[in-house]
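K.L.:
Residue numbers (my numbering), protein chains in the order written: chain A, 1 to 237; chain W, 238 to 474. Think of the CB as a built atom: it goes at the ideal place given N, C-alpha and C, for glycine as much as any other residue. Okay, here's the structure, questions in a sec.
Number of protein chains: 2
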Amino acid sequence: MDIEGIGHHISRQYNEELEDIRTKVMEMGGLVELQLVNAVKALEEDDSELAETVIATDYQVNSLEVEIDEECVQILARRQPAAGDLRLIMAVIKTITDLERIGDEAERIGKMSLNFKTNDNIKSTLPAIGHMGSRVRVMVHEALDAFARMDAEAALQTWHGDRQVDKEYEGIMRQLMTYMMEDPRSIPNVLDLLWTVRALERIGDRATNICEYVMYLVKGKDVRHISAEQMEKQILS
Amino acid sequence: MDIEGIGHHISRQYNEELEDIRTKVMEMGGLVELQLVNAVKALEEDDSELAETVIATDYQVNSLEVEIDEECVQILARRQPAAGDLRLIMAVIKTITDLERIGDEAERIGKMSLNFKTNDNIKSTLPAIGHMGSRVRVMVHEALDAFARMDAEAALQTWHGDRQVDKEYEGIMRQLMTYMMEDPRSIPNVLDLLWTVRALERIGDRATNICEYVMYLVKGKDVRHISAEQMEKQILS
Chain A
1 MDIEGIGHHI
11 SRQYNEELED
21 IRTKVMEMGG
31 LVELQLVNAV
41 KALEEDDSEL
51 AETVIATDYQ
61 VNSLEVEIDE
71 ECVQILARRQ
81 PAAGDLRLIM
91 AVIKTITDLE
101 RIGDEAERIG
111 KMSLNFKTND
121 NIKSTLPAIG
131 HMGSRVRVMV
141 HEALDAFARM
151 DAEAALQTWH
161 GDRQVDKEYE
171 GIMRQLMTYM
181 MEDPRSIPNV
191 LDLLWTVRAL
201 ERIGDRATNI
211 CEYVMYLVKG
221 KDVRHISAEQ
231 MEKQILS
Chain W
238 MDIEGIGHHI
248 SRQYNEELED
258 IRTKVMEMGG
268 LVELQLVNAV
278 KALEEDDSEL
288 AETVIATDYQ
298 VNSLEVEIDE
308 ECVQILARRQ
318 PAAGDLRLIM
328 AVIKTITDLE
338 RIGDEAERIG
348 KMSLNFKTND
358 NIKSTLPAIG
368 HMGSRVRVMV
378 HEALDAFARM
388 DAEAALQTWH
398 GDRQVDKEYE
408 GIMRQLMTYM
418 MEDPRSIPNV
428 LDLLWTVRAL
438 ERIGDRATNI
448 CEYVMYLVKG
458 KDVRHISAEQ
468 MEKQILS
């Protein structure tokens, strides 16, 4: 789908520059998704080697953020983009900030999984946390997919998915609180899980941010801080 | 201090536009600081009216974010800024994202304070939380001050201040964990404080982000994701 001719400039080099940025955002997104998957897997399977890999790989996410930011500044300075191109650059600058922070959350989950000691009670919540992890990973994936295809309606649909993440979050929180009350000695350990679940919830929020940038990119309307009803009107009309 | 002539353009209107954006960022920063002060005060003094005010005022922070973003896009489209001006716009776009999220954290603290029920044990941590709140407020203030004065060295100094916030964070966390283990019935209540302390810690992180943008703005070097030593070399040399 084309937005006011993104990628159809007389300058072939300019086209390539824009395309390169989009490719790099997808690359960064793919890496962040992998980090997230591995962090949750390391926790579920008590795999400290995998956790170490997640921690060691975070610098790659950070490097991509700096690199893409720099390319955006170069394009702003040299190409003086307007309309859809300018919105693309704005959306990229904001998207990569959220992707980098999702990477940070994944790294945090990796670090927590290293300290984590399972007991039978706590173990029983791991499948629910794994499920929540898959759900937010799918959200991140769909948000980036909507970005790649510049599909505002898909972005809106993914945005709505965060409600379900919040529900899972609350359910797991209640369960963890019960464990702490039943067995106070488990508190330090359960708190690590609590932070993990909170990190996943925040990743869901960040995926909705990316969805909002996609809607802005495609429709030229800032849909942050408005109600779900207003958003539907803006995007589906 | 002037950076490559920011505010010294032949077009008076362009000067005014840049100045207007800087003024609005400071206004947004002032509002966010106030939100933070009031949220922590509402918690400390069990003042539900003040908490409601914080919650009700968040939309003003959000509006300013959208407004400033829009002005940045307008300037990018019409003025095609280069060098220092372009870095200013980039720094503003990123700074207001962090300011808005600090506002969100303040709102969250406000909401938590509404549910919060004090008992003597828990009450005894409030002064420490209040102290941590003041410290992160000062960090936000100093970061914005460095932004207003375009002072990279001040930004670096504030950036270092986050270590102290992290220390206070860990101290309070240990104390809260002890309370939970001693009195498991207090767990739901203590968890609210735990989220508050975590929110304050995150606000400190966001203040360091703003410091990094100021260093980028003034020095033209991206100082994210590098070590403290490297950062000192970049800024003080």
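Going by DSSP in three states, A/LYS117 sits in which element: helix, strand or coil?
P.N.:
Position 117 of the first sequence holds residue 117 of chain A. It is coil, neither helix nor strand.
K.L.:
First and last residue of the alpha helix (DSSP H) that includes A/ASP20?
P.N.:
Taking the first residue of the first sequence as position 1, residue 20 of chain A is located at position 20. Segment 12-44, the alpha helix (DSSP H) holding A/ASP20.
K.L.:
Just checking, does the region 171-183 of chain A make contact with the region 95-114 of chain A on the three C-beta pairs under 8 Å criterion?
P.N.:
No: the two stretches stay apart, fewer than three of their Cβ pairs being nearer than 8 Å.
K.L.:
CA-CA distance, A/GLU70 and W/ASP357?
P.N.:
Locating residue 70 of chain A in the first sequence gives position 70, counting from the first residue. Locating residue 357 of chain W in the second sequence gives position 120, counting from the first residue. Taking the straight line from one Cα to the other gives about 53 Å.
K.L.:
In this structure, does DSSP put W/ARG411 in helix, strand or coil?
P.N.:
Position 174 of the second sequence holds residue 411 of chain W. The three-state secondary structure of W/ARG411, taken from DSSP, is helix.
K.L.:
So A/VAL165 contacts chain W; which residues on that side make the cut at Cβ distance below 8 Å?
P.N.:
Numbered from 1 along the first sequence, position 165 holds the residue referred to as residue 165 of chain A. The premise fails here: A/VAL165 is roughly 17 Å from chain W at the closest Cβ pair, so nothing lies under 8 Å.
K.L.:
So A/PRO188 contacts chain W; which residues on that side make the cut at Cβ distance below 7 Å?
P.N.:
Locating residue 188 of chain A in the first sequence gives position 188, where the first residue counts as 1. By Cβ distance, chain W contributes MET414.
K.L.:
What residues from chain W crowd round A/MET132, counting only those whose CB sits closer than 7 Å?
P.N.:
Start at 1 with the first residue of the first sequence, and residue 132 of chain A comes out as number 132. What A/MET132 touches in chain W: nothing, since even the nearest Cβ is about 18 Å away.
K.L.:
If we call anything under 8 Å between Cβ atoms a contact, is W/TYR251 one with W/ARG316?
P.N.:
Translated into positions along the second sequence, residue 251 of chain W becomes position 14. Translated into positions along the second sequence, residue 316 of chain W becomes position 79. Against a cut-off of 8 Å, the Cβ pair of W/ARG316 and W/TYR251 comes out as a contact.
K.L.:
Would you verify that the beta carbon of A/MET181 is, or is not, closer than 8 Å to some beta carbon of chain W?
P.N.:
Residue mapping note: residue 181 of chain A aligns to position 181 of the first sequence, counting from 1. Yes, because at least one Cβ of chain W sits closer than 8 Å to the Cβ of A/MET181.
K.L.:
Looking at C-alpha atoms only, which residue of W/THR433, W/ALA389, W/ARG411 and W/VAL427 is the closest neighbour of W/VAL274?
P.N.:
As a working mapping, residue 274 of chain W is identified with position 37 in the second sequence. Checked all of W/THR433, W/ALA389, W/ARG411 and W/VAL427; the closest Cα to W/VAL274 is W/THR433.
K.L.:
Would you kindly work out how many angstroms separate the C-alpha atoms of A/MET1 and A/ASP145, rounded to a whole number?
P.N.:
Start at 1 with the first residue of the first sequence, and residue 1 of chain A comes out as number 1. Start at 1 with the first residue of the first sequence, and residue 145 of chain A comes out as number 145. Note that A/MET1 scores 46 on pLDDT, short of 50, meaning its location in the model is unreliable; the coordinates nonetheless yield the value given after this. Approximately 12 Å, taken between the alpha carbons.
K.L.:
Count the CB pairs spanning the region 286-297 of chain W and the region 357-366 of chain W that are closer than 8 Å, and state whether there are at least three.
P.N.:
no
K.L.:
Less than 8 Å between C-beta atoms, sequence neighbours within five positions excluded: which residues of the same chain meet that for W/THR395?
P.N.:
Here residue 395 of chain W refers to the residue found at position 158 of the second sequence. Cβ within range, chain order: MET376, GLU379, ALA380, ALA383, ALA444, THR445 and CYS448.
K.L.:
Are the CB atoms of W/ALA343 and W/ALA276 within a distance shorter than 8 Å?
P.N.:
As a position in the second sequence, residue 276 of chain W is number 39, starting the count at 1. As a position in the second sequence, residue 343 of chain W is number 106, starting the count at 1. Yes; because the gap between Cβ atoms is below 8 Å, this pair is in contact.
K.L.:
Does the distance from the CB of A/ILE203 to the CB of A/ILE129 come in under 8 Å?
P.N.:
By one-based count along the first sequence, residue 203 of chain A stands at place 203. By one-based count along the first sequence, residue 129 of chain A stands at place 129. The answer is no: Cβ separation not under 8 Å.
K.L.:
Any beta-carbon of chain A closer than 8 Å to the one on W/PRO421?
P.N.:
The residue labelled residue 421 of chain W in the question sits at position 184 within the second sequence. For W/PRO421, the answer is yes, since a Cβ of chain A falls inside 8 Å of its Cβ.
K.L.:
Note down, in chain order, each residue of its chain lying with its Cβ closer than 8 Å to the Cβ of W/LEU393, except the 5 sequence neighbours on either side.
P.N.:
For the purposes of this step, residue 393 of chain W is taken as residue 156 along the second sequence, with counting starting at 1. These residues qualify, in order along the chain: CYS448, MET452, MET468, GLU469, ILE472 and LEU473.
K.L.:
Is it buried or exposed for A/SER186, if we count other Cβ within 10 angstroms and need 16 for buried?
P.N.:
Numbered from its first residue, the first sequence carries residue 186 of chain A at position 186. With a threshold of 16 other beta carbon atoms within 10 Å, A/SER186 meets it and is buried.
K.L.:
Could you run through the region 44-64 of chain A and flag, in chain order, every residue whose CB is less than 8 Å away from some CB of chain W?
P.N.:
TYR59, ASN62 and SER63
K.L.:
Could you pull out every unbroken alpha helix (DSSP H) segment of at least 4 residues lying fully inside the region 338-387 of chain W, listed in chain order?
P.N.:
357-360 and 363-386
K.L.:
Rank A/SER227, A/ASP222 and A/GLU229 by C-alpha distance to the C-alpha of W/ILE305 and give the top, closest one.
P.N.:
The sequence position of residue 305 of chain W within the second sequence is 68, counting from 1. Comparing Cα-Cα distances from W/ILE305 to each of A/SER227, A/ASP222 and A/GLU229, the minimum goes to A/ASP222.
K.L.:
Can you give the Cα-Cα distance for W/SER371 and A/PRO184, rounded to whole angstroms?
P.N.:
Against the second sequence, residue 371 of chain W aligns to sequence position 134. Against the first sequence, residue 184 of chain A aligns to sequence position 184. For W/SER371 and A/PRO184, the distance between alpha carbons rounds to 32 Å.
K.L.:
Is it right to say A/ASP192 is buried, meaning 16 or more other beta carbons lie within 10 angstroms of its own, or is it exposed?
P.N.:
For the purposes of this step, residue 192 of chain A is identified with residue 192 of the first sequence, where counting begins at 1. By the 10 Å Cβ count, A/ASP192 comes out buried.
K.L.:
So which residues of chain A does W/GLN317 contact, with C-beta pairs closer than 7 Å?
P.N.:
Within the second sequence, residue 317 of chain W is the residue found at index 80, counting from 1. Within 7 Å Cβ-Cβ: GLN80.
K.L.:
Taking Cβ positions, are A/VAL218 and W/ARG461 nearer each other than 8 Å?
P.N.:
For the purposes of this step, residue 218 of chain A is identified with residue 218 of the first sequence, where counting begins at 1. For the purposes of this step, residue 461 of chain W is identified with residue 224 of the second sequence, where counting begins at 1. No.
K.L.:
Assuming A/VAL61 and A/MET28 form a contact by the criterion Cβ under 8 Å, report the distance between their Cβ atoms to the nearest whole angstrom.
P.N.:
The count along the first sequence starts at 1 and reaches residue 61 of chain A at position 61. The count along the first sequence starts at 1 and reaches residue 28 of chain A at position 28. Indeed they touch by this definition, with Cβ atoms about 7 Å apart.
K.L.:
Quick one: what does DSSP say W/GLY321 is sitting in, helix, strand or coil?
P.N.:
For this step, residue 321 of chain W is matched to residue 84 along the second sequence. The answer is helix: DSSP assigns W/GLY321 an H, G or I state.
K.L.:
Compute the Euclidean distance between the alpha carbons of A/GLU153 and A/HIS9, then round it to the nearest angstrom.
P.N.:
The residue you call residue 153 of chain A lines up with position 153 of the first sequence. The residue you call residue 9 of chain A lines up with position 9 of the first sequence. Cα to Cα, A/GLU153 sits roughly 26 Å from A/HIS9.
K.L.:
Which chain A residues are close to W/THR334, counting only those with a beta carbon under 8 Å from its beta carbon?
P.N.:
On the second sequence, position 97 is the one that residue 334 of chain W refers to. LYS94 and THR97, listed in chain order.
K.L.:
For the alpha helix (DSSP H) that W/ARG316 lies in, which residues bound it at each end?
P.N.:
The residue you call residue 316 of chain W lines up with position 79 of the second sequence. Under the DSSP assignment, W/ARG316 falls in the alpha helix (DSSP H) whose first and last residues are 285-316.
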